[in-house]
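Protein chains: 2
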Amino acid sequence: MLARGARELGFDHFALNLDFAHGPEEGTSLLFHDYPSAWAETYVAFDLGKTDPIRRAGDQRMHGFPWSNVSDIIPLTSSEVRTFRTGQHHGLVDGYTIPRHLPGQASGTCTFALGPDGRLPVAMLDVAELVGAAALAATWRLARHGFVPRWRRPTDRQRDCILWAARGKTDWEISRILGISHGTVIQHLKEARERYNTRKRASLVVCALFDGLISFSDIFRWWYTQGGG
Amino acid sequence: MLARGARELGFDHFALNLDFAHGPEEGTSLLFHDYPSAWAETYVAFDLGKTDPIRRAGDQRMHGFPWSNVSDIIPLTSSEVRTFRTGQHHGLVDGYTIPRHLPGQASGTCTFALGPDGRLPVAMLDVAELVGAAALAATWRLARHGFVPRWRRPTDRQRDCILWAARGKTDWEISRILGISHGTVIQHLKEARERYNTRKRASLVVCALFDGLISFSDIFRWWYTQGGG
DNA sequence: CACCCCCTCCCCATTTCTTGGTAGGGGTAC
DNA sequence: GTACCCCTACCAAGAAATGGGGAGGGGGTG
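In structure tokens, the structure reads:
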């Protein structure tokens, strides 16, 4: 259906990707597409997904964007430029990507791509936006079935510690800030790690951020008022 | 502009809300609207934003929904039902709400509401979706401005190391994964920390995430392929 | 050709995190 | 009342990160 829709909108290919955010161990991701098989194989073989600038840009946006805008959204590293060029050689010249996010639950993109002779159907982008969003929402509704792990979230105090850890404080510094003992901070962070089922401070912070437990504004609001940078 | 747009779409009022923190507590937020002033004052006075069922439903959805569907999306508590009823008494009978999310950065809704005599303009809901999303995205772009630091960005190899660090790997593990020496990984991360002007691994990851150098999907995609499929 | 940047490798000392325990007091829900 | 959760606090050993140095090769550029 999406493939037909892509044609009718004036595109050549589609790709729908949905990542479920239910923690390190118990998650899944979906990928449907009708990209040229040569490119798909290259993509998987070189694990290009991890350096795909399109996905990264999607994490910064609330709605669709043409690929030509990616460099305005995020800084491109040289290897990402290479990924991009390789895709073009495989017949994926341009495209339009619609991202959608549900904090702590899922993130996904729906992309409509153009072959070598294609031109971006500017007039249809708004429709593509709606079609892509509908496809993502439908996929999410279908896929979430039988899903509700929702492990216990960290407590208030654990969250405080995570927040200060995200701000780059050591356990001892956090203890001074919160007015509790050093060992207690260690304890809170220990239990928080268990709740997110991780074993490293850095990924604890990542999990808390993605889960919506803490946010960048939480972290940086303090940062800027400090004058630190 | 939004007020005019709301009228043209067949609605009576609009409200645009953007929260910069998903965290349970603190967080800055924006609210633009042309609701009846009596309702607005009540809303603010009782801090109803925290118990507004519309917002909570928005956290569960990737795209727009009419208010009549809210009870299908989330279970309504008695206080939420009260909020709802109070709104109706103030002349807000029905509406259509468009949510958008950026995990860890912002969440917002754009609502078009109907007065006592209004009927939901079903044919225009898709347009409302686009208009609301555009308004949210524009607000986000404006609000985020002046937020993005512009230091020298980490190199490709430094980014690789940050990404694996965000995934909870140790320096030694990263060295095995990338096929380089342990000391080199330490060196890359050391220089990456200097570029982001931070001294801790956790805040290095936070900076890289906020900067868009790495993204949540980069991090979690790998996790999914490890355990879940 | 210098010069800068990137990637790679190495040394050392110190600080910090992680993991494994145990345990009391206060609040709340059944 | 009993059970559970949260917050607090402590100990100790081993693993990992941080900060300070230095160094060579390759690539691109003025």
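Just so you know, the sequences run in chain order A and B.
If you're matching positions, the first sequence starts at 3 in the numbering used here and goes up one per residue.
If you're matching positions, the second sequence starts at 3 in the numbering used here and goes up one per residue.
Just so you know, even glycine gets a beta-carbon here, dropped at the ideal spot from N, CA and C.
Being a predicted model, the structure only gives us computed values, none of them experimental.
Rounded C-alpha distance that separates residue i from residue j
i      : j      : result
B/G25  : A/H91  : Note that B/G25 scores 37 on pLDDT, short of 50, meaning its location in the model is unreliable; the coordinates nonetheless yield the value given after this. The alpha-carbon atoms of B/G25 and A/H91 are separated by roughly 44 Å.
B/R87  : B/G93  : 10 Å
B/H35  : A/N199 : 42 Å
B/F222 : A/R201 : 15 Å
B/P123 : A/R161 : 43 Å
B/L191 : A/P38  : 37 Å
A/W174 : B/I176 : 27 Å
A/L180 : B/L104 : 29 Å
B/V187 : A/S73  : 28 Å
A/R178 : A/A167 : 13 Å
B/A5   : B/A115 : 11 Å
A/P118 : A/N71  : 18 Å
B/F13  : B/D128 : 14 Å
A/D96  : A/T172 : 46 Å
B/R84  : B/W69  : 14 Å
A/R143 : A/A204 : 31 Å
B/F67  : B/R102 : 12 Å
B/A145 : B/G185 : 41 Å
B/Y98  : B/G89  : 14 Å
Nonlocal neighbours in the same chain, by C-beta distance under 6 Å from residue i, ignoring five residues either side
i      : result
A/V133 : G7
A/C112 : L18, I100, G134, A137, L138
A/L32  : L20
B/S219 : none
A/G120 : D14
A/G110 : N19, L20, R102, L138
A/Y45  : none
Cβ-based burial, residue i [other Cβ within 10 Å; buried from 16]
i      : result
B/M3   : exposed
B/E10  : exposed
A/A40  : exposed
A/S80  : exposed
A/R169 : buried
A/H15  : buried
B/A130 : buried
A/E43  : exposed
A/T141 : buried
A/A125 : exposed
Residues bridged to residue i (per DSSP)
i      : result
B/D96  : B/L116
A/T111 : A/N19, A/P101
A/L33  : A/N19
A/P68  : A/Y98
Own chain residues within Cβ distance below 7 Å of residue i, not counting five before or after
i      : result
A/I76  : P55, R58, A59, Q62
B/E27  : At B/E27, the pLDDT of 32 sits below 50, so the modelled position is not reliable and the matter cannot be decided from this model.
B/R159 : H190
Other residues of its chain near residue i: CB distance less than 8 Å, five sequence neighbours each side excluded
i      : result
A/S217 : L211
A/V150 : Reliability fails at A/V150, whose pLDDT of 41 lies under 50, so the model's placement of it is uncertain and no value is given.
A/R155 : R197, D213, L215
A/I164 : P156, L191, A194, L206, V207, A210, L215, I216
B/S183 : S177
A/H65  : I100, P101, E131
A/L78  : P55, V72, F86
Residues of the region 64-93 of chain A with Cβ closer than 7 Å to any Cβ of chain B, in chain order: M64, H65, I76, P77, T79, S80, S81
Compile a chain-ordered list of the residues in the region 187-206 of chain B whose CB is closer than 7 Å to at least one CB of chain A. Taking 7 Å as the Cβ-Cβ cut-off, the region 187-206 of chain B approaches chain A at N199, T200, R201, K202, R203, A204, S205, given in chain order.
Near-chain A residues of the region 121-132 of chain B (beta-carbon distance less than 7 Å), N- to C-terminal order: D128, E131, L132
Any residues in the region 152-180 of chain A with a beta carbon nearer than 7 Å to a beta carbon of chain B? Which ones, in chain order? A167, A168, R169, G170
Closer than 8 Å, Cβ to any Cβ of chain B: which residues of the region 135-146 of chain A, in chain order? Hits within the stretch, in order: A135, A136, L138, A139, W142.
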